[in-house]
Amino acid sequence: MADYLVIVESPAKAKTIERYLGKKYKVKASIGHVRDLPRSQMGIDTENNYEPKYITIRGKGPVLQELKTAAKKVKKIYLAADPDREGEAIAWHLANALNVDIHSDCRVVFNEITKEAILESFKHPRPINMDLVDAQQARRILDRLVGYNISPILWKKVKKGLSAGRVQSVSLRLIIDRENEIKSFEPEEYWSIEASFEKGKKEFEAFYYGDGKEKVKLTNEEQVTKVLKNVKGSDFEVMNVVKKERKRNAAPAFTTSSLQQEAARKLNFRAKKTMMLAQQLYEGIELSKKEGAVGLITYMRTDSTRISDSAKAEAISYIEGKYGKDFIAQEQKQVKAKANAQDAHEAIRPTSAMRTPEELKAVLSRDQLRLYRLIWERFVASQMAPAILDTVTVDLQNNDVMFRANGSQVKFAGFMKLYIEGTDDQTEETNKLLPEMEVGDKVKSLEIEPKQHFTQPPPRYSEARLVKTLEELGIGRPSTYAPTLDTIQKRGYVQLDAKRFVPTELGEIVHQATLEFFPEIINIEFTAQMEQNLDEIEEGITQWVNVIDEFYKDFEPRVKYADEAMEKIEIKDEPAGEDCEKCGAPMVFKLGRYGKFMACSNFPDCRNTKAIVKPIGVQCPTCKEGEIVERKSKTKRIFYGCNRYPECDFVSWDKPISRPCPKCSALLVEKKLKKGVQIQCTNSECDYEETPSQ
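Adding 7 to a residue's 1-based position in the sequence shown gives its number in the working numbering.
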């Protein structure tokens, strides 16, 4: 019979840890939280220091009873939930349910599920950290006070099933603010002049820079014509050559948010999927019958970029064996943690740098392997030497017209031999070699081509960009990003278009109501300050009751006022102006989860629905009579066609725009590319295009 009971959160972890600890230990799983606030009521006594009313979670009774039975048979209980606020709270709830003294050495934490880490952690048990527990309780109570007060008002005044929350409401605000920026954006014209030159037999590119004295911005065709008239002949003189050596350092190992961002950019993973796969890699994968399940990465909810000395040493050993000593970072760059970062444990890294992705191909699923490779490469690269690049800038002049050529070449690959960090706009750094040139040399221009451009509006938020923005603003925590993005989509506040967030009409209505009656909930500075307050609770600087009280004494009167003053928003069915082709009843516009759609007014007897065709303000280029409208295919893919169909068969996957091509007057369309939205001419004989918006 076992002498010790160890309680972890996950059954997958329980099996692995029990094997590491041996026969004297029985390891069982709580399967997450066992107690929480009731779902049927607020569960917070606002008259008595915000005392929370915890109950056993529905369905967890048998789990808790099994743990109580096992607890009676052992000498000591160890609580080994995850190493963060949430895990500390789970341990505290278990201690209360099982009558474990929270001041005893009952709490065990580990950052990775390997035999060495588990055995070491059991040598250093500690009491439950009540500052961590209080920080979790404060967040839970705060979110409950917000959600359970605002949501019923939204149900009553707008529509059932709606919700508001500190992080989700700010996320929605960012998306709506960006949409408003895009709508109000007015494009500005600008021009560039690109030229190809020849030195010896080598060709290279350069761009117009200025008049020889200063940089000149070209805003119209007249300026361009004037510049081109000043060019006398095809000979240009090299006026200046600047060569520099530039170092580029590797990115640090992943935090939760940087992992979500990079997985979105490089693997096209949603934040929710990234966290699910990371959880699997952390909890353990069966490597072989002999080894059993082994945790392949460290804990995946962290703000820290810190790496243990032993992990660094192992990575350096691998780098030396694979690439040689020159590729080892000579001095470790210290990445300063953000002011509000949780530095309790390490960055996300493989539990062994020697366990390469190639070795795990047979035991990991395709997506598990892709994520593991990303984590492994990023970590190993973080311990590698900087890349060294040679850059060259050359100024070429003819009369008062100066062109500038830029080139670079990788002199020493360093960490880039293994890994290059992704970017939001999908651009990659490429070598652009220039021929050897010295001041006074003559080069010949082969072609000089002016190009018209228009400034582009700011891009909508992708998941990666939104996570990055929330992190930079100090909103939320690593564990909140994925569920927050999931919630605003499930509620129908936003939808994804080309993997970018677009607010729905319902989202706009909820945001406007929240803005009017609960402005602090969507105030970025207020929400960031609240996160700071939670951190101060964790650090033992502030009492949690004081933080909640300061918030609630201003919030409570707002709730009462909103309940009385907020007008009921009736989302009425508007007549669509046509009859149902199935039963003849009038069709109406309804507001659904993803915006408006057309439905039969004879529902539920007739369930006919149709997508709404949306005019985009462009005349049909084929028939010249109809108007281009936005439609959706059966697979929900957006396309564009003439509203006179079937009389006119014009159709396009690319969105037409209202202005004609400046070169040939043909139709211009927005082409969605990996690097952004590019405007192109549809005339196959015309090569006009505009720089993609980033």
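Cβ coordinates follow ideal geometry from the N, Cα and C atoms, glycine included.
Helix, strand or coil at residue 193 [DSSP, three-state]:
In the sequence shown, residue 193 corresponds to position 186, counting from 1. If DSSP states are grouped into helix, strand and coil, residue 193 belongs with coil.
Is there contact here, the segment 236-252 with the segment 460-467, by at least three beta-carbon pairs under 8 Å?
no
If we ignore side chains and look at the alpha-carbon of each, how far apart do residue 40 and residue 182 end up?
Taking the first residue of the sequence shown as 1, we reach residue 40 at position 33. Taking the first residue of the sequence shown as 1, we reach residue 182 at position 175. One C-alpha to the other measures close to 32 Å.
Whose C-alpha, out of 455, 365, 266, is nearest the C-alpha of residue 386?
Here residue 386 is taken as the residue at index 379 of the sequence shown, counted from 1. That would be 266, whose Cα lies nearest to the Cα of residue 386.
In whole angstroms, what is the alpha-carbon distance linking residue 15 and residue 471?
Locating residue 15 in the sequence shown gives position 8, counting from the first residue. Locating residue 471 in the sequence shown gives position 464, counting from the first residue. For residue 15 and residue 471, the distance between alpha carbons rounds to 31 Å.
Contact check, residue 662 vs residue 623, beta carbons under 8 Å:
Position 655 of the sequence shown, counted from the start, is the residue given in the question as residue 662. Position 616 of the sequence shown, counted from the start, is the residue given in the question as residue 623. Against a cut-off of 8 Å, the Cβ pair of residue 623 and residue 662 comes out as a contact.
Could you tell me which whole beta strand (DSSP E) segments of length 3 or greater appear in the segment 258-318?
The qualifying runs are 292-295, 299-301.
Going by DSSP in three states, residue 381 sits in which element: helix, strand or coil?
As a first step, residue 381 is located in the sequence shown; it is residue number 374 there, counting from the start. Here residue 381 sits in helix by DSSP.
On the three-state DSSP scale, how would you describe residue 498?
In the sequence shown, counting from the first residue as 1, residue 498 sits at position 491. Coil at residue 498, not helix or strand.
Find out if the Cβ-Cβ distance for the pair residue 158, residue 171 is shorter than 8 Å.
Here residue 158 refers to the residue found at position 151 when the sequence shown is read from its first residue. Here residue 171 refers to the residue found at position 164 when the sequence shown is read from its first residue. For residue 158 and residue 171, yes; Cβs fall inside 8 Å.
Can you give the beta carbon distance from residue 501 to residue 441, rounded, assuming they're within the 8 Å contact cut?
Counting from 1 along the sequence shown, the entry for residue 501 is found at position 494. Counting from 1 along the sequence shown, the entry for residue 441 is found at position 434. Going by Cβ atoms, the distance from residue 501 to residue 441 rounds to 46 Å, so no, they are not a contact pair.
When the Cα atoms are used, what is the spatial distance from residue 258 to residue 187?
Within the sequence shown, the letter at position 251 stands for residue 258. Within the sequence shown, the letter at position 180 stands for residue 187. Approximately 34 Å, taken between the alpha carbons.
Is there contact between the segment 514-530 and the segment 193-211, where contact requires at least three CB pairs shorter than 8 Å?
no
Opposing strand residues paired with residue 647 [DSSP bridges]
Counting from 1 along the sequence shown, the entry for residue 647 is found at position 640. DSSP output for residue 647 lists 637, 659 as bridge partner(s).
What are the boundary residues of the beta strand (DSSP E) that residue 97 is part of?
Residue 97 sits at position 90 when you count from the first residue of the sequence shown. Taken as a continuous stretch (DSSP letters only), residue 97 belongs to no beta strand (DSSP E), being part of the alpha helix (DSSP H) at 92-104.
Who are the near neighbours of residue 574 in its chain, counting only those whose CB is closer than 8 Å to its CB and skipping five residues on each side?
Start at 1 with the first residue of the sequence shown, and residue 574 comes out as number 567. Hits under 8 Å: 164.
Over the uninterrupted beta strand (DSSP E) stretch that includes residue 622, give me the two end residues.
For the purposes of this step, residue 622 is identified with residue 615 of the sequence shown, where counting begins at 1. Per DSSP, residue 622 belongs to the beta strand (DSSP E) from 621-626.
Exposed or buried, what is residue 8 when buried is set at 16 or more other beta-carbons lying within 10 Å of its beta-carbon?
Locating residue 8 in the sequence shown gives position 1, where the first residue counts as 1. Classification of residue 8: exposed, given that the 10 Å Cβ count is below 16.
From what residue to what residue does the alpha helix (DSSP H) around residue 519 run?
Taking the first residue of the sequence shown as position 1, residue 519 is located at position 512. Per DSSP, residue 519 belongs to the alpha helix (DSSP H) from 512-524.
Quick one: which unbroken beta strand (DSSP E) runs of 3-plus residues sit fully inside the segment 384-449? Chain order, please.
394-405, 408-419
Count the other C-beta atoms from every protein chain shown that fall within 10 angstroms of the C-beta of residue 341, then say buried if there are 16 or more, exposed otherwise.
Position 334 of the sequence shown, counted from the start, is the residue given in the question as residue 341. With a pLDDT of only 49 at residue 341, under the threshold of 50, the placement of this residue in the model should not be trusted; the figure read from the coordinates follows. Result: exposed.
Do the CB positions of residue 282 and residue 307 come within less than 8 Å of each other?
The count along the sequence shown starts at 1 and reaches residue 282 at position 275. The count along the sequence shown starts at 1 and reaches residue 307 at position 300. Cβ distance < 8 Å, so residue 282 and residue 307 count as in contact.
Give me, in chain order, the residues of the same chain whose beta-carbon lies closer than 6 Å to that of residue 209; leave out the 5 immediate sequence neighbours on both sides.
The residue labelled residue 209 in the question sits at position 202 within the sequence shown. Result list for residue 209: 442, in chain order.
CB contact flag (residue 362, residue 303, <8 Å):
Your numbering for residue 362 matches position 355 in the sequence shown. Your numbering for residue 303 matches position 296 in the sequence shown. Yes, the Cβ-Cβ distance between residue 362 and residue 303 is below 8 Å.
DSSP three-state call for residue 213: helix, strand or coil?
Taking the sequence shown and counting its residues from 1, one reaches residue 213 at position 206. Three-state result, residue 213: strand.
Curious, which full-length beta strand (DSSP E) runs of at least 3 residues does the segment 131-215 contain?
196-206
Three-state secondary structure (DSSP) at residue 69?
Here residue 69 corresponds to residue number 62 of the sequence shown, with the count starting at 1. Looking at residue 69 - three-state DSSP - the assignment turns out to be helix.
Give every residue of the same chain whose Cβ lies closer than 8 Å to the Cβ of residue 23, excluding the five residues on either side of it in the sequence, and list them in chain order.
Along the sequence shown, read from residue 1 onward, the residue named residue 23 stands at position 16. Answer for residue 23: 120, 290, 291, 299, 300, 301, 302, listed in chain order.
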